[in-house]
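Enquirer: The sequence shown: position 205 = 699 (the working numbering), numbered continuously. Note that beta-carbon positions come from the ideal geometry of N, C-alpha and C, so glycine has one too.
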Amino acid sequence: MFYFQKTKQKCLTVLAILLLSHQVEAQDSRYSIIPKPSELTAQNGAFSLTSNTKIFINKENRSEIQELAGLIKIATGFDLKIEPENTGKKGIHFVLDKGLKNSSAEGYTLDIKSDNIIVKAKTATGLYYASQTLRQLLPSTIESQSVVNNGQWSIPNVSISDIPRYNWRGYMQDVSRTFYSVDVIKKYLDVMALYKLNTFHWHLTDDQGWRIEIKKYPKLTSEKATIFHHTTHQPAERSGFYTQEQIKDVVAYAKARHITIVPEIDVPGHSWPTILVYPELGVNNNSYPNHVFPFVSSWGYWGNQFTPNTLDPTKEAVYQFLDDVFTEVTALFPGQYIHFGGDEVRHDLWEKEQHVIDFMKKNNIKTVTELQSYFVTRVSKIITSKGRKPLGWNDILTDVKNLPKETAIMSWLGADAIKKAVENGFESVATPTDPLYFDITQADRNDGTMSDLAYGNINTLEKVYEYDPSKGLTKDEEKLVLGVQANQWTALTQELKDMNIHNFPRLLALAETGWTVKNKKDFADFTARLEKHSDRLDELKVDYYKKGGFTVAKWSPATVTEEFKEMTIDMTKKVYTTGRVQAGFLFTAGKNFLEIDGVELLENGQVISADKHHALADKFRGTNKIKPFFFNFEVRQYNPNAKYTIRAQVRSVGGTDSNGNFTFNLSPYQPFTVAEPR
495 MFYFQKTKQK
505 CLTVLAILLL
515 SHQVEAQDSR
525 YSIIPKPSEL
535 TAQNGAFSLT
545 SNTKIFINKE
555 NRSEIQELAG
565 LIKIATGFDL
575 KIEPENTGKK
585 GIHFVLDKGL
595 KNSSAEGYTL
605 DIKSDNIIVK
615 AKTATGLYYA
625 SQTLRQLLPS
635 TIESQSVVNN
645 GQWSIPNVSI
655 SDIPRYNWRG
665 YMQDVSRTFY
675 SVDVIKKYLD
685 VMALYKLNTF
695 HWHLTDDQGW
705 RIEIKKYPKL
715 TSEKATIFHH
725 TTHQPAERSG
735 FYTQEQIKDV
745 VAYAKARHIT
755 IVPEIDVPGH
765 SWPTILVYPE
775 LGVNNNSYPN
785 HVFPFVSSWG
795 YWGNQFTPNT
805 LDPTKEAVYQ
815 FLDDVFTEVT
825 ALFPGQYIHF
835 GGDEVRHDLW
845 EKEQHVIDFM
855 KKNNIKTVTE
865 LQSYFVTRVS
875 KIITSKGRKP
885 LGWNDILTDV
895 KNLPKETAIM
905 SWLGADAIKK
915 AVENGFESVA
925 TPTDPLYFDI
935 TQADRNDGTM
945 SDLAYGNINT
955 LEKVYEYDPS
965 KGLTKDEEKL
975 VLGVQANQWT
985 ALTQELKDMN
995 IHNFPRLLAL
1005 AETGWTVKNK
1015 KDFADFTARL
1025 EKHSDRLDEL
1035 KVDYYKKGGF
1045 TVAKWSPATV
1055 TEEFKEMTID
1065 MTKKVYTTGR
1075 VQAGFLFTAG
1085 KNFLEIDGVE
1095 LLENGQVISA
1105 DKHHALADKF
1115 RGTNKIKPFF
1125 FNFEVRQYNP
1135 NAKYTIRAQV
1145 RSVGGTDSNG
1155 NFTFNLSPYQ
1165 PFTVAEPR
């Protein structure tokens, strides 16, 4: 009898524990924090933010808290007083505690009770990240750019102890293939900070444009090197460059958000703008065409995507040029690393030049791969001489025995890229094409999103989330992994809305991969938290990928004929502001392609924009030609009360066995002022 009672008591205890765990799990839905904190203990109750709430700080951490206070003021109307630390008063306390245990430079603790909030960190950076966690615990309407009437501003009680897994949690923005304004860059820095990303890799030069002012070489920012040729009919905002004053402004803006900017000057390949304006630096005399142009036009000019000229690795003038450039670059960017590219160099161009062959013989350089290492070594020494660490793409590992050990590697090429870098003793950032290239589609190549379709992989949200850069590494090798980074190349993804949809929500998955230790991660849990962040992104006016992409209608054998007929589709719900529109006909299955003979956009039955070109919707999804199955329009004066319609003349060629998606995507003229309604 005693045994039975004891067993019964044990069962009841276990049941109580299970019920309690379920209750805590249910409570955890209040804590939709991304990235997931290291330790979180749910508690009952909530702290109510009111106009009388005070913020208490140490003298030296005011700037870290002002951003949060400013955000609160805009959305709530509460102008919270910030006062010197006073433990005897109730409010929100931000405390610098250099003796804080079990923390790192970026870590923090957060203890929220109904009448008091205590934030502690060893550094101002830790306090700043704690403020971003507090921001996420507030309702998503805290992101509003105007006062929210009758808002309920409560923060759930909780105890959090949080430190990041990696020191490098990065995002790369290519502004050479497509230029983006300072305002766009600042918005990305804002969102990066919200999700505790701390490294912004700025890809400033490539074949499509030089985007940074170098005072000693003013031709680099001349029209020839920075403006897409008029024959390409590109919107004006896709061309340009940043002045040094603008760069200083962006660097300071990033610093205030605890983000380090890593600039990239890509050499010796990907240097077309440089060679156009300073042809004496090229390895040959090829300068056709004598202007910069969008990436997709490369095949038309050169037969492939790679330029027919590079910087000359044998000329001292090239190294003097680079020394001068990196002198100005290091003066603008105070971060530890300077990126010099080094990728996709056409060594066959070097092999064709007699003066290069003679140089190699004279210097006992046996192969062009060794010549590449000679160049990399020279550039690395230039950068280290300026007190910085050189960083290059992992192409430079080809001749690993001659590569200077102080050079860090950005591992993008191949599944074993990280392993090869760290096993040879190089620091490395994990940024493999699969799954961390965000110009690659995330779901369906037929959904109208403008990815670089030359890649064979699809980088789903789950693949991004589950990626582990240290997989297969020894403990010593893992120490050389600086962290993770997602890359956004803007060869095809030019419209800002398209770029946002590629980056979000995948960038949030990357943020959690960089911050949260592997055994704390859970994709189902992440997706549950992600649902609430859709509301936050809506408030921030940041578009993000939704199931189906831009697909709004489909055609099938039942809806097509072999004779041209009119196809009309109601687009009223998809037209929501002024902007550029791209409509697509993407063939998906069957024996017969779809022929399109012009498309029109109508407002209340009247044509407001037309694209009359003739096209075939076929299977081709490659990069190397302009895609004729896309049609382009403009909505110059949006009427919220109007009915909008697409009208097209279509037929199925040689039979009616044809299936496909019709896609429709409006990209607002003004960035981050409106997001597409759900």
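Have a look at the DSSP bridge pairing and note the partners of M686.
Expert: As a first step, residue 686 is located in the sequence shown; it is residue number 192 there, counting from the start. According to DSSP, which records beta bridges pairwise, M686 is partnered with nothing at all.
Enquirer: Determine the DSSP secondary structure at M1065, reduced to helix, strand or coil.
Expert: Along the sequence shown, one-based indexing puts residue 1065 at 571. Three-state DSSP puts M1065 in coil, outside helix and strand.
Enquirer: With a 10 Å radius around its C-beta and 16 neighbouring C-beta atoms as the bar for buried, classify H516 as buried or exposed.
Expert: Within the sequence shown, residue 516 is the residue found at index 22, counting from 1. Residue placement at H516 cannot be trusted, given a pLDDT of 40 that sits under 50; the coordinates are not used to answer.
Enquirer: Okay, do the segment 931-941 and the segment 959-977 touch, 3+ Cβ pairs below 8 Å being the bar?
Expert: no
Enquirer: Using three-state DSSP, classify V756 as helix, strand or coil.
Expert: The residue labelled residue 756 in the question sits at position 262 within the sequence shown. Of the three classes helix, strand and coil, the one that applies to V756 here is strand, per DSSP.
Enquirer: With DSSP run on the structure shown, which of helix, strand or coil describes T617?
Expert: Residue mapping note: residue 617 aligns to position 123 of the sequence shown, counting from 1. Reduced to three states, the DSSP call for T617 is coil.
Enquirer: V812 and D806 - do their beta-carbons sit closer together than 8 Å?
Expert: The residue given as residue 806 occupies position 312 in the sequence shown. The residue given as residue 812 occupies position 318 in the sequence shown. Against a cut-off of 8 Å, the Cβ pair of V812 and D806 comes out as a contact.
Enquirer: Where does the unbroken beta strand (DSSP E) through Q1100 begin, and where does it stop?
Expert: Taking the sequence shown and counting its residues from 1, one reaches residue 1100 at position 606. Here the beta strand (DSSP E) through Q1100 covers 1100-1111.
Enquirer: For D817, name the three-state secondary structure that DSSP assigns.
Expert: Counted from its first residue, the sequence shown places residue 817 at position 323. Of the three classes helix, strand and coil, the one that applies to D817 here is helix, per DSSP.
Enquirer: Please list, in chain order, all residues of the same chain as L506 whose beta carbon is under 6 Å from its beta carbon, the five residues on each side excluded.
Expert: Here the question's residue 506 lines up with position 12 in the sequence shown. Unreliable placement is indicated for L506, whose pLDDT of 44 sits below 50; no coordinate value is reported for it.
Enquirer: What does the alpha-carbon distance come out to for the pair N896 and G734?
Expert: Residue 896 sits at position 402 when you count from the first residue of the sequence shown. Residue 734 sits at position 240 when you count from the first residue of the sequence shown. Cα atoms of N896 and G734: separation of roughly 38 Å, rounded to the nearest angstrom.
Enquirer: Go ahead and pull the three-state DSSP assignment for F550.
Expert: As a working note, residue 550 is residue 56 in the sequence shown. Secondary structure of F550 (DSSP, three-state): strand.
Enquirer: Looking at the ligand NAP, does it come within less than 7 Å of A1109, judged from the CB to the closest heavy atom?
Expert: In the structure on display, the ligand NAP does not appear, and there are no ligands present to speak of.
Enquirer: Looking at D910: is its Cβ nearer than 8 Å to the Cβ of P1051?
Expert: By one-based count along the sequence shown, residue 910 stands at place 416. By one-based count along the sequence shown, residue 1051 stands at place 557. Cβ distance not < 8 Å, so D910 and P1051 don't count as in contact.
Enquirer: Would you decide whether S557 is buried or exposed? Buried here means 16 or more other CB atoms lie within 10 Å of its CB.
Expert: Position 63 of the sequence shown, counting from 1, holds the residue named residue 557. Burial check for S557: the Cβ neighbour count within 10 Å stays below 16, so the residue is exposed.
Enquirer: Run through DSSP, which three-state label would I533 get?
Expert: Taking the sequence shown and counting its residues from 1, one reaches residue 533 at position 39. A small fix is needed here, since residue 533 is Glu in this sequence, not Ile. Reduced to three states, the DSSP call for E533 is strand.
Enquirer: Give every residue of the same chain whose Cβ lies closer than 8 Å to the Cβ of V678, excluding the five residues on either side of it in the sequence, and list them in chain order.
Expert: Within the sequence shown, residue 678 is the residue found at index 184, counting from 1. Excluding residues within five positions, the ones whose Cβ falls inside 8 Å are L990, P1165, F1166.
Enquirer: Work out the CA separation of I611 and D992 for me, nearest whole Å.
Expert: Mapped onto the sequence shown, residue 992 falls at position 498. Mapped onto the sequence shown, residue 611 falls at position 117. If I take the Cα positions, the gap works out to 40 Å.
Enquirer: Check for me: the alpha helix (DSSP H) holding R1030 runs from which residue to which?
Expert: In the sequence shown, residue 1030 corresponds to position 536, counting from 1. Note, R1030: alpha helix (DSSP H), 1017-1033.
Enquirer: Does DSSP classify A1169 as helix, strand or coil?
Expert: Here residue 1169 refers to the residue found at position 675 when the sequence shown is read from its first residue. A1169: coil per DSSP, three-state reduction.
Enquirer: By Cβ distance, which residues of its chain are closer than 6 Å to T801, with the 5 residues on each side in sequence left out?
Expert: Residue 801 sits at position 307 when you count from the first residue of the sequence shown. For T801, where only same-chain residues beyond five positions count, the Cβ hits under 6 Å are D701, W766.
Enquirer: Considering only residues of the same chain and omitting the five flanking positions on each side of N918, which have a CB-CB separation below 6 Å?
Expert: Stepping through the sequence shown from its first residue, residue 918 is reached at position 424. So the qualifying residues of the chain are V894.
Enquirer: Suppose the cutoff is 6 Å on Cβ atoms and the five residues either side in sequence are ignored; what does the same chain contact list for S598 look like?
Expert: Position 104 of the sequence shown, counted from the start, is the residue given in the question as residue 598. Cβ within range, chain order: I657.
Enquirer: Out of curiosity, what's the CA-to-CA distance linking F1123 and P929?
Expert: Position 629 of the sequence shown, counting from 1, holds the residue named residue 1123. Position 435 of the sequence shown, counting from 1, holds the residue named residue 929. F1123 and P929: Cα-Cα distance of roughly 27 Å.
Enquirer: Skipping 5 residues on each side, what residues in its chain have a beta carbon closer than 6 Å to that of S545?
Expert: Sequence index remark: in the sequence shown, residue 545 carries index 51 (1-based). Cβ within range, chain order: F572.
Enquirer: Tell me which residues share the same chain as K530 and place their Cβ nearer than 8 Å to its Cβ, disregarding the 5 neighbours each side in the sequence.
Expert: Sequence index remark: in the sequence shown, residue 530 carries index 36 (1-based). Taken in chain order, the residues that qualify are E1006, W1009, T1010, K1014, K1015, D1019, F1020, R1023.
Enquirer: For G1154, is the classification buried or exposed, using 16 other Cβ atoms within 10 angstroms of its Cβ as the cut-off for buried?
Expert: Within the sequence shown, the letter at position 660 stands for residue 1154. Flag for G1154 reads buried.
Enquirer: Use the C-beta contact count for A1077: other C-beta atoms within 10 angstroms, 16 or more gives buried, fewer gives exposed.
Expert: Along the sequence shown, one-based indexing puts residue 1077 at 583. When all chains shown are included, A1077 counts as buried.
Enquirer: For K595, which three-state DSSP category applies?
Expert: By one-based count along the sequence shown, residue 595 stands at place 101. Here K595 sits in coil by DSSP.
Enquirer: When DSSP labels each residue in this structure, what does K913 get in the three-state scheme?
Expert: Here residue 913 refers to the residue found at position 419 of the sequence shown. Reduced to three states, the DSSP call for K913 is helix.
Enquirer: Looking at C-alpha atoms only, which residue of R663, K1137, Y1163, V1147 is the closest neighbour of V1075?
Expert: As a working note, residue 1075 is residue 581 in the sequence shown. Checked all of R663, K1137, Y1163, V1147; the closest Cα to V1075 is Y1163.
Enquirer: Specify the secondary structure class of E822 as computed by DSSP and reduced to three states.
Expert: The residue labelled residue 822 in the question sits at position 328 within the sequence shown. DSSP places E822 in helix when its eight states are reduced to three.
Enquirer: Quick one, are the C-beta atoms of A618 and A624 less than 8 Å apart?
Expert: As a working mapping, residue 618 is identified with position 124 in the sequence shown. As a working mapping, residue 624 is identified with position 130 in the sequence shown. Cβ atoms of A618 and A624: not closer than 8 Å.
Enquirer: What does DSSP give as the partner residue(s) for A1142 in the beta ladder?
Expert: What you label residue 1142 is simply residue 648 of the sequence shown in a count that begins at 1. Answer is M1061, V1093.
Enquirer: List the residues that DSSP assigns as beta-bridge partners of P633.
Expert: In the sequence shown, residue 633 corresponds to position 139, counting from 1. Answer is none; P633 lacks a bridge partner.
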